Structures are given as structure tokens and as C-alpha cells.
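Be aware that the sequence shown starts at 21, since it is given in the working numbering, and climbs by one per residue. Just so it is clear, CB atoms sit at the ideal spot from N, CA and C, and this is done for glycine as well. In this text, all values refer to a predicted model and were calculated from it rather than measured experimentally.
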Amino acid sequence: MNAAGLMHESRPASPSLHLFRSAEGDHLFLPDGSRLYDIDAATRDVLADPAGHVEQALARLGLNPHAAAPMDAVQDPPIRSLSLAVSQACNLSCGYCYAQGGSFGAPARQMSWPVAEQAIRTLFAEAPVGSRVVVAFLGGEPLIHRGLIRQATTFAAELSEHTGVRVGFSLTSNGTLVREDDGEFFERHGFAVTISMDGTPERHNQLRVFADGRPTYRRIEENIAPLLRMQKRMQISARVTVTPENLNLRASLDHLLGLGFHSAGFAPMLASPSGRLQLEPRHFETMLEQMTGCGGEFVRRTVARERYAFSNLTEALRQLHRGAHRPYPCGAGASYLGVSASGDFTACHRFVEDPLGAMGSLASGLDRDRQNLWLRERHVDTQEPCRACWARYLCGGGCHHEVLHRGRVACDYIRGWLQYCLLTYVKLQREAPWYFGSHV
Ligand code: SF4
Ligand code: SF4
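Printed below as a string of C-alpha cells:
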């Protein structure tokens, strides 16, 4: 089915179920608990009847559409992950940057050691023995403040030893400043590193340039080559921000995986601060066509038992296989919080300096009232039109930052993509069932 067909077929007809057809036959998807069933044509006709009583019809099949545990708004969640905006400054000038050149519209600043230390102590103080916490380093460009990253990592690793709380580290970088000795450090501490690259050299250089306009691709390629070779504990992934200028996703994916990234994936640019380079509704069909093109190659390679780490699809398959059922799109404002360079808590790394995501500070403490209000207000069951959407517990209602700043512009694309993921799940269950045992 092409992209237009996927977008059309995945429009919501009922909040309680979604029906779709694959080459193998008819299928029923129940949002509650992400349950997937093969059904016969007669059952499909009964469930598809707009005048029919869906709940009774499901009951006759022995299915309860509300079988999963009820999802009340999360209340006073423990903090398990903090992203530290160690450098609110950047050496690049990408036209779509949500951080507006790295400083988030405020004066450029660097995080001090006392702020980083207090953030890490706060994270560990909340965590019971045996649990796992994550320290994420973001910016701006975090490697502008390399010394703080190393100091904070070493400190957190020592706290982990003393407290019995496990710790993981991640870093998101533009790749222009990373050095071989950074790689050795990241490898030692098992970092998950994400490098922002926008595809093939030509497309990348159109979008990601130094502050003086020079292209960045060659520098990044040279910098990351030794790191890509040394990946063992460390995993280095590429993330492509998709704009109207780089919709050639299949070429991008092949290129990045060819460089040796552990995985690569795509994030649509839905809300840039200036409106420049963000995707418009007319672009989503092309984006979905490209995503399914990448998916087709993933299926082909997987059936042939070859690796093709298209992270959007591998993650979606993992979610479907475990019956994902989530009331939020991510952990932002819940167990995951951002910390700005000056020590303010924010809903996530994108809400730095943004009053919409303000949640207190290290100095005054996490504002639990604000956080709980956020969690009540942002719950997908309170969102329109999400309440009536079959995809709500897979999608979670869309990135809070994008929704709050632009609204929900990509729903047809999101549902079309999720339907494609469901079709791929069904196909792989038939043609490569071992995949779910070994990879998911
Ligand atoms: S944001 Fe997600 S859950 Fe909400 S209507 Fe759009 S696709 Fe459905
Ligand atoms: S709110 Fe958006 S940017 Fe922030 S963590 Fe969630 S998905 Fe990511």
C-alpha cells in the first residue's frame, strides 16, 4: 500500500479498535494494551459496521477492549533521568534549531560544577539500590564544555559504586568537536552517543553549517571515524532531522549505516522557532513514502538475516511486541527532566528557558504541583483529538514541545506510519519469527 493509502486507511473510525488488512488477511488492533489479532472476514464486517455495537461484538469474541490496567495520570514520579544542558551555546548555526543557536533565546552560558554536582546528587538521592538512573548531556553543543562532562560522569560513576544504583550515560552532539580521546572516555563509561547528521554529504551541508556558514560534513566524518571503529560498550547512533530539504530518507539511511553507525533514525522537524524548515502537511505523504521505503529494505534484510538498523522501525516493533500502552509520548515532565545551565528544572531538554515547561529549580526544589498539573493536563486521554484516536497509546499524543508550540499537524502521518509498523509486525511474525526472540 502506498503512503496515501496508508494515511487514508489509518484514519480513526473508532477509539476502541482499529481494523486493517494485510496480504495475510484481516487484523484487529485493540489500543488498550496494544493487542493484535487475526480475524476472519465475517468478524471484520461485524466490527466495521458503523451502526454496530462494538463493545458487544468484542464481548461475543471474548475480548474486553479495556483489559489493560487503568491509566491514571502519573503522580509524584521519581526522577530517573536528567539531561544536563552543560553548554547553552553552539558552534553551529542550523536553520531549524529548537535551541535557537544553542542558547535557547537567552544569553549563552555554561553549566557550573556546583549545578552539575547538585543535579547528579539529586538524581541518586531519589533512586533505590538496584535501580538505574541515566545522566544525559545535551546543549547547545555539550562538547564545548567537555571538562564538565568528564567531571560529572566520573562523579556519577563513583556515586554508582558507593550507592549500588546503576547509572547509564548518553550524549547528543553535532560531532564537530568530538575527539578520539572522547571516544575512549565514552567507551569506558558505555555511553549511548547520538550524532546529529542530516543524511548524505550534500544534504547535510545544506542544513548543518558552522556559525560562519562553512559546511560541517567532512569535519564530522573525520571526527567520528575512530569512534565508530571503537564501539563495543559505547553505541553511536545517527539522528536525522527531517526538513523539506532532506526528504531523501532511504539514501540518508543507507549512507549513515554505511558509515558504521550502530543505528540511524529520523525525527521530523515539526516546530522550528522561526517556522523555517519545518515540515508542512504537504510534505507528510513524501515522508511516509520514504519511511516505508526504508522499512521495505529493513524487512528484506531482516528476512535474509542481515542487519539494517533503522531505529524508528526497530523501536516500533519492540513497542508492539511488548504491548506498549503509554499515556504520554515520552518521560518528559515525569521521570525524565531537563536541567538548564543555571540549574532550573524543565520538562525536558527542549524546554530549557521555556516557561511552558518550567518545573522549579535545584535551588528551590522540583515544583511537584507544577509537575503533577503537567502530568494531568498532558495525559493522552485528556487531549483532543487523541481521545478518539486508535493510535493514542502507541503515539502518546505527540511530543509535548511540538504540540504546545505548533499543535498536532502530523496525525495522518503518525497513524499511517503506525499502521505500516503493524503490517510489518504481522509480516515478520510470518516470515522471520525468530527476529522477535533475538532482537526484541
Ligand atoms: S497526536 Fe497521536 S494520538 Fe493524538 S490524534 Fe494524533 S496520532 Fe492520534
Ligand atoms: S517532549 Fe518532545 S522533545 Fe521532550 S522528551 Fe518528549 S518527545 Fe522528546
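Is the Cβ-Cβ distance between residue i and residue j less than 8 Å?
i      : j      : result
Pro301 : Val429 : yes
Asn194 : Glu242 : no
Arg412 : Cys419 : no
Arg129 : Ser362 : yes
Pro349 : Gly285 : no
Val446 : Glu137 : no
Leu104 : Ala33  : no
Leu191 : Val359 : no
Met311 : Leu269 : yes
Gly184 : Gly210 : no
Ala93  : His399 : yes
Val74  : Leu48  : no
Ala378 : Pro97  : no
Leu166 : Asp202 : Inspection of the sequence shows that residue 166 is occupied by Arg rather than by Leu. Yes; because the gap between Cβ atoms is below 8 Å, this pair is in contact.
Leu442 : Leu50  : no
Leu376 : Ile99  : no
Trp133 : Gln95  : no
Leu267 : His303 : yes
Pro347 : Asp401 : yes
Met131 : Val106 : yes
Residue i: which of the options sits nearest, CA to CA?
i      : options                           : result
Leu158 : Ala354, Gly343 and Leu168         : Leu168
Leu78  : Leu39, Ser113, Asp96 and Ser123   : Leu39
Ser381 : Thr366, Leu448 and Leu273         : Thr366
Ile215 : Thr261, Val187, Met250 and Phe318 : Thr261
Leu414 : His421, Gly343, His369 and Ser362 : Gly343
Asp46  : Gly125, Gly316 and Arg64          : Arg64
Ala212 : Ala287, Ala119 and Phe281         : Phe281
His28  : Ser132, Leu308 and Val135         : Leu308
Met289 : Ser103, Gly427, Val149 and Leu191 : Gly427
Gly115 : Cys314, Ala291, Phe456 and Ala354 : Ala291
Ala119 : His369, Ala354 and Gly377         : His369
Gln449 : Leu376, Arg346 and His341         : His341
Leu197 : Tyr237, Pro134, Gln95 and Ala172  : Tyr237
Gln403 : Ala378, Gly377 and Cys431         : Cys431
Val323 : Ala354, Pro453 and Pro35          : Pro453
Glu373 : Gly351, Gln76, Ala126 and Leu37   : Ala126
Leu227 : Met379, Gln298 and Met131         : Gln298
Ala23  : Leu357, Cys314, Val400 and Ser458 : Cys314
Phe189 : Phe206, Asp202, Glu181 and Glu200 : Phe206
Ser54  : Asp364, His86, Ala62 and Leu81    : His86
Val187 : Ala287, Arg208 and Met217         : Arg208
Asp364 : Asp387, Pro347, Ala352 and Val319 : Asp387
Val319 : Tyr455, Ser42, Met21 and Pro148   : Tyr455
Pull up the DSSP beta-bridge partners for residue i, would you.
i      : result
Arg186 : Arg152
Pro235 : Val229
Val260 : Phe286
His47  : Phe40 and Asp58
Ser193 : Ile215
Gly385 : Ser381
Phe157 : Leu104 and Leu191
Leu112 : Phe230
Ala352 : Tyr356
In terms of residues, what are the limits of the beta strand (DSSP E) holding residue i?
i      : result
Gly285 : Ser283 to Pro288
Tyr57  : Arg55 to Ile59
Met40  : It is Phe, not Met, that sits at residue 40 in the sequence shown. Taken as a continuous stretch (DSSP letters only), the beta strand (DSSP E) holding Phe40 covers His38 to Ser42.
Asp364 : Asp364 to Thr366
Met379 : Ala378 to Ser381
Ser103 : Ser101 to Gln108
Gly418 : Unbroken run through Gly418: none, as it is neither H nor E.
Gly358 : Tyr356 to Val359
Val94  : Here Val94 belongs to no beta strand (DSSP E), and DSSP marks it neither H nor E.
Val213 : Ala212 to Ser216
Under DSSP, the alpha helix (DSSP H) around residue i begins and ends at which residues?
i      : result
Arg338 : Ser331 to His341
Phe304 : Phe304 to Val323
Ile434 : Cys431 to Glu451
Trp274 : Rather than Trp, the amino acid found at residue 274 in this sequence is Asp. Unbroken alpha helix (DSSP H) run through Asp274: Leu269 to Leu279.
Leu395 : Arg388 to Arg398
Ile140 : Trp133 to Ala145
Phe206 : Glu200 to Arg208
Ser458 : Trp454 to Ser458
Arg80  : Val74 to Arg80
Leu26  : Ala23 to Glu29
For chain B, check one thing: does any of its Cβ atoms lie closer than 8 Å to the Cβ of residue i?
i      : result
Gln439 : No chain B is part of this structure, which consists of one protein chain only.
Any contact of the stretch 437-451 with the stretch 393-401, i.e. 3+ C-beta pairs under 8 Å? no
Count Cβ pairs between the stretch 137-145 and the stretch 245-258 that sit closer than 8 Å; are there 3 or more? no
State whether the stretch 64-72 contacts the stretch 102-119, with contact taken as three or more CB pairs (one from each stretch) at a distance under 8 Å. no
Determine, using beta-carbon pairs with one atom in the stretch 328-340 and one in the stretch 270-288, whether at least three such pairs fall under 8 Å. yes
Answer yes if the stretch 166-185 comes into contact with the stretch 216-230, meaning at least three C-beta pairs across the two stretches below 8 Å, and no otherwise. no
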